[in-house]
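Here's the structure, in structure tokens; my notes come after.
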Amino acid sequence: MPPIVELKNISLVYHSKSGETQAIKDVSLSIEEGEFVSIVGPSGCGKSTLLSILAKLLTPTGGKIEIQNGVKIGYMLQKDYLFEWRTILSNACLALEIEKNLTQENKSEVMGLLVKYGLGDFINSKPSQLSGGMRQRAALIRTLALHPDILLLDEPFSALDYQTRLLVSDEISTIIRKEKKTAILVTHDISEAVATSDRVFVLSSRPATIKSVYTIELNIPERTPIKSREAKEFNYYFNKIWKDLDVNG
Amino acid sequence: MDNSSSQNISTEQLAFLNGLKKRERSVKLCQIFILVAFIAIWELTARFGLIDAFIFSQPSRMLSAAIDMCISGSIFKHIGITLFETVVGFSMGTIIGTAMAIVLWWNSFINDVSEPYLVVFNSLPKTALAPIIIVWLGNNMSSIIATALLTSVIVTVLNVSVGFSSVDNEKIKLIYTFGGTKKQVLTKVILPASVPAIINALKINVGLSFVGVIVGEFLVAKMGLGYLIVYGSQVFKLDWVMLSVVILAILAAFMYKTIVLLEKKIMQWRE
Numbered sequence: 000m001p002p003i004v005e006l007k008n009i010s011l012v013y014h015s016k017s018g019e020t021q022a023i024k025d026v027s028l029s030i031e032e033g034e035f036v037s038i039v040g041p042s043g044c045g046k047s048t049l050l051s052i053l054a055k056l057l058t059p060t061g062g063k064i065e066i067q068n069g070v071k072i073g074y075m076l077q078k079d080y081l082f083e084w085r086t087i088l089s090n091a092c093l094a095l096e097i098e099k100n101l102t103q104e105n106k107s108e109v110m111g112l113l114v115k116y117g118l119g120d121f122i123n124s125k126p127s128q129l130s131g132g133m134r135q136r137a138a139l140i141r142t143l144a145l146h147p148d149i150l151l152l153d154e155p156f157s158a159l160d161y162q163t164r165l166l167v168s169d170e171i172s173t174i175i176r177k178e179k180k181t182a183i184l185v186t187h188d189i190s191e192a193v194a195t196s197d198r199v200f201v202l203s204s205r206p207a208t209i210k211s212v213y214t215i216e217l218n219i220p221e222r223t224p225i226k227s228r229e230a231k232e233f234n235y236y237f238n239k240i241w242k243d244l245d246v247n248g
Numbered sequence: 000m001d002n003s004s005s006q007n008i009s010t011e012q013l014a015f016l017n018g019l020k021k022r023e024r025s026v027k028l029c030q031i032f033i034l035v036a037f038i039a040i041w042e043l044t045a046r047f048g049l050i051d052a053f054i055f056s057q058p059s060r061m062l063s064a065a066i067d068m069c070i071s072g073s074i075f076k077h078i079g080i081t082l083f084e085t086v087v088g089f090s091m092g093t094i095i096g097t098a099m100a101i102v103l104w105w106n107s108f109i110n111d112v113s114e115p116y117l118v119v120f121n122s123l124p125k126t127a128l129a130p131i132i133i134v135w136l137g138n139n140m141s142s143i144i145a146t147a148l149l150t151s152v153i154v155t156v157l158n159v160s161v162g163f164s165s166v167d168n169e170k171i172k173l174i175y176t177f178g179g180t181k182k183q184v185l186t187k188v189i190l191p192a193s194v195p196a197i198i199n200a201l202k203i204n205v206g207l208s209f210v211g212v213i214v215g216e217f218l219v220a221k222m223g224l225g226y227l228i229v230y231g232s233q234v235f236k237l238d239w240v241m242l243s244v245v246i247l248a249i250l251a252a253f254m255y256k257t258i259v260l261l262e263k264k265i266m267q268w269r270e
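In order, the protein sequences belong to chains A and B. Numbered per numbering that gives the first Met the number 0, the first sequence spans residues 0 to 248. Numbered per numbering that gives the first Met the number 0, the second sequence spans residues 0 to 270.
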């Protein structure tokens, strides 16, 4: 089967008054359908830029993106950005509204997702009445409402405290696997990457190039992010990636 | 968590709440006392000849002037006209100002080009333009409304623009990640997020619009509180002048309260 998305020799140069910056240099990667991959790299290396290119919010200055025909892309930002002037239901319907596709059928589907993932009692609440984890789930449902085939996750848990972060990343990746989506997670948290992913791409510092790729094989039944952390192989991958990042400084 | 179920309030909490209530009451009492004392001192000093009631007027004379004007009905016409001009002035100022802010947000080139003009125009006392407007638009109500509009429109553009640009860029990106257009960014994020800024502009504009209307009425009107003030001072009817000023104060307070009420309603509806 051909990969669902493929980047071929992508590079990107930013222009500003103070000069030009090469953010990404010659990045090639391909992702299979149903895979959960992570991209880790030092802060400010251009990880988020890579996602913006995948989402077609930015046009690369060089290289090619190949996305399978009819494949839809959903994007989750660093914070939930639920609008305080909307209820949870109307926030979750925002993406559909923007697509001008807010039919009664779609709306009840969103309602079903909210109920399924424990937000049924909060449909008419304001975002500020929800906990960080619940807000993040509502934001995910907002994206899932568009039926994306690929989910781009831009450090979606980084705004949460450590404990919530573990729980939410567990929840979210379970939801994503349940809904059988392909996911690309950008993070600077090595353990998060190893715990959630099938494959991990390690980027160098700016300009970002692919430093190494790891296929994560953990010898445990029923893999979930929290259980993954107990696997024997977990530390092996962690140390490997840690070293790769450390060498880059 | 709201644990104030009426039975188990501790005595300390009760004492604290009573203290709060007491303070609130004292503040209200002092406020009323100052007003009553001011009126009483004014009345008494005028009555005992310490100040000249002919040039300072006096509460009782203002009251009888008010009663006379109520009977003849003229006061209602004056109030009605001034109120109408002011409301039209600040509503148009807010609407046109917000529309201009949208244009500037939409097109950064126009925004950059117009910036120095807006800054200079904002610092210029707009009432200085009133005579010019009267020459252009004539000796009538539209000149007064135009003056009121002019006083409020630029400050609205600046305030609402600040509101627009303080919207988190990531919220805008969110709309684009859903494949949204610039117009959707405007209607789904920028405008709803800026409702507080627009209401704030409205509040400021009530006061500014009054300034424009009164100056306009000083210059051209044959009706309205501004006219009454100028005419009263020319014929040394200080009772009329003082009465008009008091009515203006009441109108301004009333209008401000209305806007605050409107703000509450809109905020509730937004939720």
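Backbone N, C-alpha and C fix where the C-beta goes; we use that ideal spot for every residue, glycine too.
Discussion item. Please report the straight-line C-alpha distance between lysine 7 (chain A) and isoleucine 174 (chain A), rounded to a whole angstrom.
Written reply: When rounded, the distance between both Cα atoms is 30 Å.
Worksheet item: Based on the DSSP output, what are the partners of arginine 198 (chain A) in its beta bridges?
Response: Under DSSP, arginine 198 (chain A) forms a beta bridge with A:Val36 and A:Thr214.
Worksheet item: If we cut at 8 Å on Cβ distances, does tyrosine 74 (chain A) have a partner in chain B?
Response: Closer than 8 Å: yes.
Worksheet entry | Residue environment, proline 59 (chain A), which counts as buried when at least 16 other CB atoms sit within 10 Å | It is buried - the Cβ of proline 59 (chain A) has at least 16 other Cβ atoms within 10 Å.
Worksheet item: What's the gap between the Cα of lysine 221 (chain B) and the Cα of lysine 181 (chain B)?
Response: One C-alpha to the other measures close to 49 Å.
Worksheet entry | Cross-chain neighbours of isoleucine 97 (chain A) in chain B, by beta carbon under 9 Å | Going along chain B in sequence order, the residues near isoleucine 97 (chain A) (Cβ under 9 Å) are Ile174, Phe177, Gly178, Gly179, Thr180, Gln183 and Lys187.
Practice prompt. Return the residues of the region 191-205 of chain B that lie within a Cβ-Cβ distance of less than 9 Å from chain A, sorted by chain order.
Written response: With the criterion set as a beta carbon lying under 9 Å from some beta carbon of chain A, the members of the region 191-205 of chain B are Pro191, Ala192 and Val194, in sequence order.
Discussion item. Counting only C-beta atoms, is tyrosine 13 (chain A) closer than 8 Å to chain B at any point?
Written reply: Taking Cβ atoms only, chain B never reaches closer than 8 Å to tyrosine 13 (chain A), which makes this a no.
Fill in: isoleucine 9 (chain A) beta carbon less than 8 Å from that of isoleucine 52 (chain A)
With respect to the 8 Å criterion, isoleucine 52 (chain A) and isoleucine 9 (chain A) are classified as neighbours on the basis of their beta carbons.
Worksheet item: Is tyrosine 13 (chain A) helix, strand or coil by DSSP?
Response: Under the three-state reduction of DSSP output, tyrosine 13 (chain A) falls in the strand class.
Worksheet item: So, helix, strand or coil for serine 4 (chain B), using DSSP?
Response: Unreliable placement is indicated for serine 4 (chain B), whose pLDDT of 49 sits below 50; no coordinate value is reported for it.
Worksheet item: Could you give the uninterrupted runs of the beta strand (DSSP E) lying entirely in the region 18-63 of chain A, keeping only those of 3 residues or more?
Response: Runs of the beta strand (DSSP E) inside the region 18-63 of chain A: 18-30 and 35-39.
Discussion item. I'd like the list of long-range same chain contacts for isoleucine 66 (chain A), defined as Cβ closer than 6 Å, with 5 residues on each side in sequence excluded.
Written reply: Hits under 6 Å: Val4.
Worksheet item: Going by C-alpha distance, which of B:Val112, B:Thr97, B:Asp111 and B:Ala145 is nearest glycine 162 (chain B)?
Response: With distances taken between Cα atoms, glycine 162 (chain B) lies closest to B:Thr97.
Practice prompt. Output the residue ranges of the alpha helix (DSSP H) runs that lie fully inside the region 56-123 of chain A and measure 4 residues or longer, sorted by chain position.
Written response: The qualifying runs are 87-91, 93-97 and 103-115.
Worksheet item: With DSSP run on the structure shown, which of helix, strand or coil describes asparagine 199 (chain B)?
Response: Helix at asparagine 199 (chain B).
Practice prompt. Per DSSP, which residues does lysine 7 (chain A) bridge with? Please list them.
Written response: Answer is A:Lys63.
Worksheet entry | Own chain partners of isoleucine 246 (chain B) with C-beta closer than 7 Å, once the 5 adjacent residues on each side are dropped | So the list reads Ile78 and Leu224, once near-sequence residues are dropped.
Worksheet item: Any Cβ of chain B within less than 8 Å of the Cβ of leucine 139 (chain A)?
Response: The beta carbon of leucine 139 (chain A) sits no closer than 8 Å to any beta carbon of chain B.
Worksheet item: leucine 82 (chain B): which of B:Tyr255, B:Val259, B:Met266 and B:Ile265 sits nearest, CA to CA?
Response: Among B:Tyr255, B:Val259, B:Met266 and B:Ile265, the Cα nearest to that of leucine 82 (chain B) belongs to B:Tyr255.
Worksheet entry | Positions along the region 149-176 of chain B whose CB lies within less than 9 Å of some CB in chain A | Hits within the stretch, in order: Asp167, Glu169, Lys170, Lys172, Leu173, Ile174, Tyr175 and Thr176.
Practice prompt. Return helix, strand or coil for valine 26 (chain B), following the three-state DSSP convention.
Written response: Of the three classes helix, strand and coil, the one that applies to valine 26 (chain B) here is helix, per DSSP.
Worksheet entry | chain B contact residues for lysine 16 (chain A), given Cβ-Cβ distances below 8 Å | At a beta-carbon threshold of 8 Å, none of the residues of chain B lie near lysine 16 (chain A); the nearest stands roughly 15 Å away.
Worksheet item: What does alanine 54 (chain A) reach in chain B if we use C-beta pairs closer than 7 Å?
Response: Near alanine 54 (chain A) (Cβ distances below 7 Å), the residues of chain B are Thr176.
Discussion item. 8 Å is my cut-off, CB to CB: does leucine 152 (chain A) come that close to chain B?
Written reply: No, its Cβ sits nowhere closer than 8 Å to a Cβ of chain B.
Worksheet item: Over what stretch of residues does the beta strand (DSSP E) that includes isoleucine 219 (chain A) continue unbroken?
Response: Careful: isoleucine 219 (chain A) lies outside any beta strand (DSSP E) and carries neither H nor E.
Worksheet entry | Near-chain B residues of the region 96-127 of chain A (beta-carbon distance less than 7 Å), N- to C-terminal order | Those would be Ile97, Glu98 and Lys125, in chain order.
Worksheet item: Which of the three DSSP states, helix, strand or coil, is assigned to asparagine 247 (chain A)?
Response: Any reading at asparagine 247 (chain A) must be qualified, since the residue scores a pLDDT of 49, below 50, and its modelled position is unreliable; the value itself is stated next. The DSSP-derived three-state label of asparagine 247 (chain A) is helix.
Practice prompt. Kindly say whether tyrosine 80 (chain A), judged by its beta-carbon, lies nearer than 8 Å to any beta-carbon of chain B.
Written response: Chain B contact via Cβ: present.
Fill in: Alpha-carbon to alpha-carbon, methionine 61 (chain B) and valine 240 (chain B)
If you take the alpha carbons of valine 240 (chain B) and methionine 61 (chain B), they lie about 9 Å apart.
Discussion item. Buried or exposed, going by whether 16 or more other CB atoms sit within 10 Å of the CB of valine 154 (chain B)?
Written reply: Burial is judged here by how many other beta carbons sit within 10 angstroms of a residue's own beta carbon; valine 154 (chain B) has at least 16 and is buried.
Discussion item. According to DSSP, is valine 152 (chain B) part of a helix, a strand, or is it coil?
Written reply: In this structure, valine 152 (chain B) counts as helix in the three-state DSSP scheme.
Discussion item. Once the 5 residues before and after alanine 138 (chain A) are set aside, which same chain residues still bring their CB inside 6 Å of it?
Written reply: Asp79, listed in sequence order.
Worksheet item: How about alanine 91 (chain A): is its C-beta nearer than 8 Å to some C-beta of chain E?
Response: No chain E appears in the structure shown, which is made up of the protein chains A and B.
Worksheet item: How many angstroms separate the CA atom of alanine 127 (chain B) from the CA atom of leucine 19 (chain B)?
Response: Looking at the backbone, the Cα of alanine 127 (chain B) and that of leucine 19 (chain B) are separated by about 48 Å.
Worksheet item: Do the CB positions of serine 193 (chain B) and threonine 85 (chain B) come within less than 8 Å of each other?
Response: No, the pair does not count as a contact, with Cβ atoms beyond the cut-off.
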